[in-house]
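Visitor: Before I ask anything, let me first share the structure, which is written out below as structure tokens.
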Amino acid sequence: MARRLAPYGIYGAGGRDVVAQEAPVQGSIALGDISPHDLGIEGERIAVQYLERRGYEILERNWYCPSGEADIIALDDGVHVLVEVKSRLQLPGDEDPVPEDAVGEAKRGRYRGIARYYLAATEARDIRFDVIAVSFDTRGAYQVRHIENAFGGDE
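When we follow numbering that gives the first Met the number 0, the leftmost residue of the sequence shown carries the number 0, and every step to the right adds one.
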């Protein structure tokens, strides 16, 4: 069987939103003082736990290649899923953050390049692109939004 990127539409591209309310973030970090880098690390940790609870097998974290980095690579029913995690902190008075809006065309293009390298480096046959958005409030509570097949490989 030939290896391929999931063409637009094969897994319901356009995304299937899966929204989950998760328990408050545990730990001693005051999220109001957390750096954007550390917030991203915390978001990726939460995303991994979220995926594992839903039966995904985590294959890689922070997988690097010349095209860039995939935050998470997981296996879902035989399909390799490249997951971009976006985390945002909602401060009092701010509108509800929409972290997934930060996955623009440039990021999508980078992920398509990452997928090509991943297909060449592994036995993967099918690739899907998901986005997990983690929105935190200053108390440390968070909401996870999982957009399955957020974009296609041939756009």
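Beta carbons: idealized from backbone N, C-alpha and C, even for Gly.
1. DSSP three-state label for residue 37, please.
2. Can you check DSSP and say which residues form a bridge with residue 86?
3. My output table needs one value for residue 107: the three-state DSSP class, helix, strand or coil.
4. Compare the Cα-Cα distances from residue 67 to each of 106, 132 and 137 and report the closest residue.
5. Are the beta-carbon atoms of residue 150 and residue 141 separated by less than 8 Å?
6. Where does the unbroken beta strand (DSSP E) through residue 141 begin, and where does it stop?
7. Do residue 83 and residue 110 have their C-beta atoms within less than 8 Å of each other?
Guide: Answer, in terms of the structure:
1. Counting from 1 along the sequence shown, the entry for residue 37 is found at position 38. Three-state DSSP puts residue 37 in a helix.
2. Locating residue 86 in the sequence shown gives position 87, counting from the first residue. 133, per the DSSP bridge assignment.
3. For the purposes of this step, residue 107 is identified with residue 108 of the sequence shown, where counting begins at 1. DSSP places residue 107 in helix when its eight states are reduced to three.
4. By 1-based counting over the sequence shown, the position of residue 67 is 68. Here the closest residue by C-alpha is 106.
5. Position 151 of the sequence shown, counted from the first residue, corresponds to residue 150. Position 142 of the sequence shown, counted from the first residue, corresponds to residue 141. No, they are not a contact pair.
6. If you number the sequence shown from 1, residue 141 lands on position 142. Start and end: 141 to 150.
7. Counting from one through the sequence shown, the residue named residue 83 turns up at place 84. Counting from one through the sequence shown, the residue named residue 110 turns up at place 111. A contact, by the Cβ cut-off of 8 Å.
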